[in-house]
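Engineer:
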Amino acid sequence: MSVELDRLLKQYPILKDVMRKQPVLWKNPDYVVTPHYPVRGVGEDIIFSAIERFKRFRNLIKIAFPETNGTILSPISTLTHMKSELELIYQMPISGMLLLKRDDLLPVAGSIKARGGFHEVLAFAEKLAFSHGILQSIDDDYVTLLSKEARKLFQQYTISVGSTGNLGLSIGMIGSTLGFQVVVHMSADAKEWKKELLRKNGVKVVEYQSDYTIAVENARNEAANNDNTYFVDDENSSLLFAGYAAAGIEVKKQFDELGIKVDAEHPLFVYLPCGVGGGPGGVTFGLKQQFGEHVHCFFAEPLNSPCMLTGLVTKLHHKVSVEDLLLDNKTEADGLAVGRPSGFVGPIMEELLAGIYTLKDEEWLKLMYILYESQDIFLEPSALAGMKGPVLLNSTSHLQGVKAATHLVWATGGSMFPKDLRNDFLERGKLL
Ligand SMILES: *Cc1c(COP(=O)(O)O)cnc(C)c1O
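The numbering of the sequence shown is numbering that gives the first Met the number 0, which starts it at 0 and goes up by one.
1) Among the residues of its own chain, which have a CB less than 8 angstroms from the CB of Ile50, if the five just before and after it don't count?
2) Residues in its own chain within less than 6 angstroms of Leu168 by CB, not counting five upstream and five downstream?
3) Any chance the CB of Lys252 is under 7 angstroms from a heavy atom of ligand 3?
4) State the Cα-Cα distance for the pair Ser110 and Leu324, rounded to the nearest angstrom.
5) So, under 8 angstroms CB-CB, Gly338 and Ser304 are touching, yes? Tell me the CB distance rounded to an integer number of Å.
6) Residues in its own chain within less than 6 angstroms of Lys418 by CB, not counting five upstream and five downstream?
7) For Asn68, count the other beta carbons within 10 Å of its own beta carbon; 16 or more makes it buried, fewer makes it exposed. Which is it?
8) Going by C-alpha distance, which of Ser320, Ser373, His35, Pro74 is nearest Leu87?
9) When the cut-off is 8 angstroms and only beta carbons count, does Ala332 lie next to chain B?
10) What is the DSSP secondary structure of Leu257, counted as helix, strand or coil?
11) At which residues does the alpha helix (DSSP H) containing Phe298 begin and terminate?
12) Could you pull out every residue in the same chain whose Cβ sits closer than 7 angstroms to the Cβ of Ile137, ignoring the five residues on either side in sequence?
13) How big is the Cα-Cα spacing for Glu84 and Gly428?
14) Taking only runs of the alpha helix (DSSP H) that begin and end inside the stretch 165-197, which ones reach a length of at least 4 residues, in chain order?
15) Can we say the stretch 313-321 touches the stretch 277-294, given the rule of at least three CB pairs closer than 8 angstroms?
16) State whether the stretch 385-393 contacts the stretch 332-347, with contact taken as three or more CB pairs (one from each stretch) at a distance under 8 angstroms.
17) Run the CB neighbour count on Asn220, radius 10 Å, all protein chains shown included, and call it buried at 16 or more, exposed below.
18) At the level of alpha carbons, what is the spacing between Leu197 and Ala189?
19) Expressed to the nearest angstrom, what Euclidean distance is found between the alpha-carbon atoms of Met386 and Glu300?
20) Thinking C-beta only, is Gly310 closer than 8 angstroms to Lys26?
21) Considering Cα atoms alone, identify which of Leu177, Asp102, Gly132 is closest to Ile62.
22) Would you decide whether Thr163 is buried or exposed? Buried here means 16 or more other CB atoms lie within 10 Å of its CB.
23) Quick one: give me the first and last residue of the beta strand (DSSP E) that Ile427 is part of.
24) What do you reckon, is the C-beta of Val337 under 7 angstroms from a heavy atom of ligand 1?
25) Should Ile45 be counted as a contact of ligand 1 given a C-beta to heavy atom distance under 7 angstroms?
26) Thinking C-alpha only, which one of Glu66, Ser94, Ser236 is nearest His118?
27) Can you tell which of Asp16, Glu125, Ser381 has its C-alpha closest to the C-alpha of Leu326?
28) Quick check on the DSSP output: the alpha helix (DSSP H) that includes Phe123 runs from which residue to which?
29) Could you give the first and the last residue of the continuous alpha helix (DSSP H) run that contains Leu346?
30) For Val275, verify whether its CB is less than 7 angstroms away from any heavy atom of ligand 1.
31) Helix, strand or coil for His35 per DSSP?
32) What are the start and end residues of each continuous alpha helix (DSSP H) run of 4 or more residues lying completely inside the stretch 141-168, in chain order?
33) Looking at C-beta atoms only, is the number of pairs between the stretch 261-271 and the stretch 220-229 that lie closer than 8 angstroms three or more?
34) Rounded C-beta distance between Ser159 and Ala214? I'm assuming under 8 angstroms.
35) For Tyr30, tell me which candidate among Glu362, Leu7, Glu350, Ser146 has the shortest Cα-Cα distance.
36) Would the C-beta of Asn165 count as close to ligand 1, meaning under 7 angstroms from any of its heavy atoms?
This is how it looks when you write it as structure tokens:
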């Protein structure tokens with residue numbers, strides 16, 4: 000569906016800058032600082048049920064993926080050197096502490112997608128196991144889902160997903176481990192190494208010359224014509240969303256352990272790279288539930304793919320795409336190369352999200368290099384979008400009168416990134 004561009008530009012002048020590829024910082028006028036759950040019909044119960052499900056699967060995960068202790072958790076790093084570098088480069092002091100949430104280190108999938116993707120596949124496996132008598136009660140030992148009998152059942156089912164790369168990787172790894180057949184529909188942006196890794200694990204990869212929206216649509220249509228195919232709908236899934244949202248309680252626990260206070264005098268600012276919106280939206284949903292009025296979440300999007308921004312500004316959500324603004328959705332940040340936002344997440348973010356900013360590809364190449372040099376941390380391109388946040392927020396009213404803010408940059412992926420491909424990116428970043 001095409002929208003009337005003239006009308007949109009008149010009604011929402013910020014879209015003129017978006018169209019001209021000017022970096023913007025958009026403050027959400029409908030932001031509800033103190034949230035009330037349920038938000039747009041989605042209650043906090045989905046978070047607790049995800050946490051309970053992860054607990055039930057803990058022993059299974061520990062056995063299936065010996066490199067984990069059964070939990071899908073990521074650490075938090077303090078970025079002292081990086082903070083000094085940012086202050087130097089952007090010529091401004093950054094008030095408060097700079098922290099990095101290391102979803103790049105999440106086990107098995109190496110990205111934020113381990114949270115949502117694992118949760119949805121585990122939920123599907125659990126449901127099948129109950130309906131076929133392999134599980135009788137949620138108190139059963141879930142390790143039985145690794146039995147021959149369970150495997151024979153799962154092999155009869157195909158899990159299908161459309162992805163720019165990492166969601167496919169996450170679903171592919173957990174799905175194939177449980178015995179499911181997995182088909183990943185990869186958009187043209189997906190990197191070769193992600194496809195290879197999946198094929199090596201027995202996952203079928205369908206490649207597209209087109210973008211993510213088309214890959215998802217094809218996957219959805221194919222699944223609709225096939226009874227034994229379960230489609231993970233990245234544009235609409237509440238199970239994915241709940242898996243991401245479980246991160247809120249995780250951060251709260253970690254902050255308690257680290258002695259980091261979040262209150263009126265110590266507000267928390269969180270910066271999340273956004274593609275279709277499920278990952279960052281779910282995390283925002285979980286963080287707002289834990290920290291309420293004292294946390295403010297911002298999304299970061301590429302200049303060419305500001306889909307959530309366009310959807311939220313116009314409130315048209317999935318009914319509008321960046322192509323409607325004549326943007327080409329081309330970006331080096333493969334995980335963020337999404338032209339149309341989630342129609343499920345967008346309306347929830349109308350209330351929960353503080354704002355969105357956009358930035359140039361060159362900028363995160365530069366940030367990638369600086370982070371690597373100053374802290375010895377390598378992140379994939381998409382994962383650096385949040386790093387500009389503390390600099391941008393510093394000069395806004397959000398931080399006026401605030402003594403000790405905490406800035407939490409969400410590193411969404413990177414540990415699986417092949418070593419031999421890193422240098423090329425780092426070299427380019429160094430030149431900028
Ligand atoms: C998928 C992804 C994102 C964005 O998540 P969405 O759910 O698509 O908004 C950000 N960074 C990385 C590395 C990703 O893989």
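Quick reminder that beta carbons are idealized off the backbone N, C-alpha and C, glycines included. Note that the coordinates shown come from a computational prediction; the quantities given were computed from them, not determined experimentally.
Structural biologist: With the structure as the only source:
1) Within the same chain, Cβ atoms closer than 8 angstroms to the Cβ of Ile50 are found at Ala245, Ile248, the five residues on either side in sequence being excluded.
2) Ala108, Lys193
3) In terms of ligand content, the structure shown lacks ligand 3 and carries ligand 1 instead.
4) 30 angstroms
5) 6 angstroms
6) Non-local beta-carbon contacts of Lys418 in its own chain, meaning distances under 6 angstroms to residues more than five positions away in sequence, are absent.
7) exposed
8) Ser373
9) In summary, chain B is missing from the structure at hand, where a single protein chain is found.
10) helix
11) Not the alpha helix (DSSP H): Phe298 falls in the beta strand (DSSP E), residues 294-301.
12) Cβ within range, chain order: Arg55.
13) Each residue's Cα considered, the two are about 14 angstroms apart.
14) For the stretch 165-197, whole alpha helix (DSSP H) runs of length 4 or above, ordered along the chain, are 165-177.
15) No, they do not touch.
16) no
17) exposed
18) 12 angstroms
19) 12 angstroms
20) Judged by their CB atoms, Lys26 and Gly310 are not nearer to each other than the 8 angstroms cut-off.
21) Measuring from the Cα of Ile62, the nearest candidate turns out to be Leu177.
22) buried
23) Going by the sequence as given, residue 427 is Arg instead of Ile. Note, Arg427: premise wrong, no beta strand (DSSP E); alpha helix (DSSP H) at 418-430.
24) yes
25) no
26) Ser236
27) Residue Asp16 is the option with its Cα nearest to Leu326.
28) 112-130
29) Here the sequence assigns Pro to residue 346, which means Leu is not the residue at that position. It spans 344-351 - the alpha helix (DSSP H) in which Pro346 sits, taken as one unbroken run.
30) yes
31) coil
32) Runs of the alpha helix (DSSP H) spanning 4 or more residues and lying entirely within the stretch 141-168 occur at 147-153, in chain order.
33) no
34) The pair is not a contact, with the Cβ atoms about 11 angstroms apart (cut-off 8 angstroms).
35) Glu350
36) yes
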